[in-house]
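Chemist: The numbering used here numbers the first residue of the sequence shown as 26 and each following residue consecutively.
Here it is, the structure, as structure tokens.
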Amino acid sequence: LPPFLAIGDPGGGKTTALDAFFRRCGLHVERYACDGSSDASAAGTPRRYSSGEVALPLRSCLTSGYANPV
26 LPPFLAIGDP
36 GGGKTTALDA
46 FFRRCGLHVE
56 RYACDGSSDA
66 SAAGTPRRYS
76 SGEVALPLRS
86 CLTSGYANPV
């Protein structure tokens, strides 16, 4: 699929609709709540030395077994 952007009002169901669409396509979906995140751990910074946890994109690839999770 080409890149696209979902636009709409808050609470309009964008996330739910896209989640269902990608799951029907057979893709692994990993949700990350950006509204409650303040440490930028989705991109791998900070590295989380205290827990040794990997960044979200790598964790999603390892969990799904594919290099292209959603």
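A virtual CB, placed ideally from N, CA and C, is assigned to each residue, including glycine.
For the pair the region 82–95 and the region 48–59, tell me if three or more CB-CB distances fall below 8 Å.
Modeler: Enough Cβ pairs lie closer than 8 Å, so yes.
Chemist: Considering Cα atoms alone, identify which of T40, G77, V79 and L30 is closest to A58.
Modeler: Nearest of T40, G77, V79 and L30 to A58, Cα basis: T40.
Chemist: If you run the structure through DSSP and keep just helix, strand and coil, what is A58?
Modeler: Coil at A58, not helix or strand.
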